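Chains X and C, in that order, are what the protein sequence lines are. No gaps in the numbering here: position 51 of the first sequence is 51 in the UniProt record's numbering, and each next residue is one more. No gaps in the numbering here: position 176 of the second sequence is 176 in the UniProt record's numbering, and each next residue is one more. Glycine residues also receive a C-beta, built at the ideal position from the N, C-alpha and C atoms. All values derive from a computational prediction rather than experimental measurement. Data block below; observations after.
Number of protein chains: 2
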Amino acid sequence: MQVAIPLYPRFTALDAVGPYTVLAFAPGFTVTFVAAEPGPVTDDKGSLTLEATASYASVPRPDVILVPGGIGTFDALGDQALLDWITEAHPHSRWTTSVCSGALLLGAAGLLDGRKATTHWALLEHLATYGAEPVSERTVVEGKIVTAAGVSAGIDMALTLLAQASDVETAQAVQLAIEYDPQPPFNAGSPRTAPAGLAERAIQLIV
Amino acid sequence: MQVAIPLYPRFTALDAVGPYTVLAFAPGFTVTFVAAEPGPVTDDKGSLTLEATASYASVPRPDVILVPGGIGTFDALGDQALLDWITEAHPHSRWTTSVCSGALLLGAAGLLDGRKATTHWALLEHLATYGAEPVSERTVVEGKIVTAAGVSAGIDMALTLLAQASDVETAQAVQLAIEYDPQPPFNAGSPRTAPAGLAERAIQLIV
């Protein structure tokens with residue numbers, strides 16, 4: 001199973017590397033970071049650079065398309081090479097997926113019209129711009145389109161996907177291999193549980 | 001607050017990028033990937049390459065040392081430049097930390113003798129080799145030495161550290177920014193909860 005993760009300037013590192021790690025640990029999966037041309041791509045904080053090792057042209061039909069988010073999504077909405085790659089690869093994919101604001105790129109590629117989808121909590125209503133029905137869930141599976149909530153949600157999405165692509169035991173074995181037994185020291189990861197007033201502060205850390 | 005994450009061949013990507021993302025989102029933190037010489041470093045699956053942007057020599061005294069793990073740890077135990085950097089930076093750090101098998105490198109640098117520490121569940125007993133007292137917890141804070149369990153545990157450790165380095169509200173704001181509201185689809189992330197027989201299968205995915 002070939003997974004392709006497109007990188008664009010100012011992506012959020014964990015959006016890409018969380019699901020990357022889950023799927024790269026799975027037997028029979030190959031994950032490739034792609035871009036218009038191979039080369040380094042730097043993240044939203046300017047302090048992490050990942051290599052795209054293949055061009056869009058060289059990976060035209062991956063089994064899984066996995067589009068990360070990040071503040072750079074808003075510029076990437078004008079990146080026609082990226083949108084064309086998504087649009088042309090999607091009809092042949094087994095799954096087309098996104099993490100966080102990556103959903104907006106699926107929307108801009110015309111894939112979310114009339115479909116349920118999710119994204120980062122701060123952007124949820126933006127999905128309606130693309131004709132999507134925003135759903136506040138960790139992972140939304142809508143046929144072969146799978147969208148995850150913000151940043152860290154890509155880990156949960158990848159495990160869900162892996163259970164479907166392989167089987168539950170394989171997904172559980174990867175979960176155990178990466179000791180994904182989360183114990184966040186606070187219960188502030190969702191606007192539903194975070195202390196009042198924290199949302200504005202969180203948004204300031206993103207933009 | 002300057003955080004340095006040393007990279008070595010065949011590190012596990014999420015070990016580094018989980019806590020990186022938490023700390024890079026925090027106000028006042030700068031995170032730098034370091035190696036003997038700046039340049040690309042490829043992970044344990046051979047499909048992700050991160051740039052080390054600084055040499056050990058140029059970052060001799062970071063506030064936080066954060067050592068990731070990965071199957072490459074076992075070769076890195078013979079990497080004298082890495083061990084020397086840890087040994088020489090540690091007396092000046094505010095925190096010296098590890099994720100997963102990164103704890104073995106702290107051990108080899110002589111930092112765990114007589115101290116409680118944790119690592120990936122599959123390696124826990126190895127810590128005794130270095131005089132450490134193995135503890136099966138998600139994050140172990142032993143003075144300024146902080147060790148995390150396997151791979152994904154670095155996210156929880158980084159939030160714990162951030163609350164101490166800044167304050168609880170800042171850590172919660174980062175947690176909300178990265179929507180860290182984990183909802184794993186299975187409860188198999190620890191040997192305590194995983195189905196019987198899964199540990200051997202998980203280990204096969206790592207080595």
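{"Asked": "Suppose only complete runs of 4+ residues qualify. What are the alpha helix (DSSP H) ranges in the segment 165 to 206 of chain C, listed by chain order?", "Found": "168 to 177, 198 to 206"}
{"Asked": "Give the DSSP-derived three-state secondary structure of Phe11 (chain C) in the structure shown.", "Found": "coil"}
{"Asked": "Could you tell me which uninterrupted beta strand (DSSP E) segments, each at least 3 residues in length, are contained entirely in the segment 60 to 89 of chain C, listed from first to last along the chain?", "Found": "64 to 67"}
{"Asked": "Quick check on Pro134 (chain C): buried or exposed, where buried means 16 or more other Cβ atoms within 10 Å of its Cβ?", "Found": "buried"}
{"Asked": "Please compile the residues from chain C whose C-beta is within a distance smaller than 7 Å of the C-beta of Gln175 (chain X).", "Found": "Pro184, Phe186, Ala188, Gly189"}
{"Asked": "Taking the alpha helix (DSSP H) that Ala103 (chain X) falls in, what are its first and last residues?", "Found": "102 to 108"}
{"Asked": "Out of C:Val207, C:Gly189, C:Ala202, C:Glu169, state which residue places its alpha-carbon closest to the alpha-carbon of Ala194 (chain X).", "Found": "C:Glu169"}
{"Asked": "Is there at least one Cβ from chain X nearer than 8 Å to Ile71 (chain C)'s Cβ?", "Found": "no"}
{"Asked": "Roughly how many angstroms separate the alpha carbons of Thr160 (chain C) and Phe29 (chain C), rounded to a whole number?", "Found": "15 Å"}
{"Asked": "Given a cut-off of 8 Å, decide if Val34 (chain C) and Tyr56 (chain C) are closer than it, judged by their beta-carbon atoms.", "Found": "yes"}
{"Asked": "What number of angstroms, rounded off, separates the C-alpha of Val41 (chain C) from the C-alpha of Ala13 (chain C)?", "Found": "10 Å"}
{"Asked": "For the segment 117 to 132 of chain X, which residues have a CB atom closer than 7 Å to at least one CB atom of chain C, in sequence order?", "Found": "His120, Trp121"}
{"Asked": "As a quick exercise: from C:Trp121, C:Gly197, C:Ile65, pick the residue whose alpha carbon is nearest that of Leu23 (chain C).", "Found": "C:Ile65"}
{"Asked": "Which same chain residues, not among the five before or five after Glu137 (chain C), have their C-beta less than 6 Å away from its C-beta?", "Found": "Thr118"}
{"Asked": "Which two residues bound the contiguous beta strand (DSSP E) that contains Trp95 (chain C)?", "Found": "95 to 99"}
{"Asked": "Name the one or two DSSP bridge partners that Ser47 (chain C) has.", "Found": "Paired residue(s): none; Ser47 (chain C) is not in a bridge."}
{"Asked": "On the three-pair Cβ rule with 8 Å, is the segment 74 to 93 of chain C touching the segment 116 to 132 of chain C?", "Found": "no"}
{"Asked": "Establish whether the CB of Glu51 (chain X) and some CB of chain C are separated by less than 8 Å.", "Found": "yes"}
{"Asked": "Phe25 (chain X) CB to nearest chain C CB: under 8 Å?", "Found": "yes"}
{"Asked": "Comparing the CB of His126 (chain X) with every heavy atom of the ligand ADP, is any distance shorter than 7 Å?", "Found": "Ligands are entirely absent from the displayed structure, and the ligand ADP is therefore not among its contents."}
{"Asked": "Using only the alpha-carbon positions, how far apart do Ile71 (chain X) and Leu176 (chain C) sit?", "Found": "15 Å"}
{"Asked": "By how many angstroms is the C-alpha of Pro182 (chain X) removed from the C-alpha of Val174 (chain X)?", "Found": "14 Å"}
{"Asked": "Excluding the 5 residues flanking Asp113 (chain X) on each side, which residues of the same chain have their C-beta closer than 6 Å to its C-beta?", "Found": "Gly131"}
{"Asked": "Determine whether the beta carbon atoms of Pro68 (chain X) and Ala108 (chain X) lie at a separation below 8 Å.", "Found": "no"}
{"Asked": "Here's a check: name, in chain order, each residue in its chain whose Cβ is nearer than 6 Å to the Cβ of Gly154 (chain X), leaving out the five neighbours to either side.", "Found": "Asp15, Gly18, Pro19, Val99, Ala148"}
{"Asked": "Once DSSP output is grouped into helix, strand and coil, what is the label at Val17 (chain X)?", "Found": "helix"}
{"Asked": "Would you decide whether Asp44 (chain X) is buried or exposed? Buried here means 16 or more other CB atoms lie within 10 Å of its CB.", "Found": "buried"}
{"Asked": "Which chain X residues are close to Arg94 (chain C), counting only those with a beta carbon under 7 Å from its beta carbon?", "Found": "Those do not exist, as Arg94 (chain C) stays about 18 Å from chain X at its closest Cβ, beyond 7 Å."}
{"Asked": "Within 8 Å (strictly less), CB to CB, does Glu142 (chain C) reach chain X?", "Found": "no"}
{"Asked": "Determine which residues share a DSSP beta bridge with Phe33 (chain X) and list them.", "Found": "X:Ile5"}
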